[in-house]
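Participant: For the sequence shown, the positions run 100 to 166 when this note's numbering is used. Backbone N, C-alpha and C fix where the C-beta goes; we use that ideal spot for every residue, glycine too. Sharing a structure below in structure tokens format, with a few things to ask.
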Amino acid sequence: VPARDADAFARALDDMLADPDERLELGQLARARAALYSPQRMASGMAEIYTRVARPHFMPTAIAGAA
């Protein structure tokens, strides 16, 4: 649906309300996408980034030699 197109948005809502199978599929897709951003998954991803960045071989040579 194009941004700021109220008529297109209304048509899309009407279409979705008229099609229970589409609603079910959209709901399943939304839950799957939301799971990608769960607090646990986000924390795990951040921990992995910090672990990789903290390894000495990721430091520039001048800094790694000083450590």
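Pull up the distance between the alpha-carbon of ALA109 and that of ARG103, whole angstroms please.
Facilitator: Spanning the two alpha carbons is a distance of roughly 11 Å.
Participant: If you draw a straight line from the alpha carbon of ASP114 to that of ARG140, how long is it in whole angstroms?
Facilitator: Rounded to the nearest angstrom, the two C-alpha atoms are 34 Å apart.
Participant: Determine the DSSP secondary structure at ASP104, reduced to helix, strand or coil.
Facilitator: Three-state DSSP puts ASP104 in coil, outside helix and strand.
Participant: Is the Cβ-Cβ distance between ALA117 and VAL100 less than 8 Å?
Facilitator: Going by C-beta atoms, ALA117 is not nearer than 8 Å to VAL100.
Participant: Please report the straight-line C-alpha distance between ASP106 and VAL152, rounded to a whole angstrom.
Facilitator: Cα-Cα distance, rounded: 49 Å.
Participant: Kindly indicate the opening and closing residues of the alpha helix (DSSP H) around ARG132.
Facilitator: Segment 119–134, the alpha helix (DSSP H) holding ARG132.
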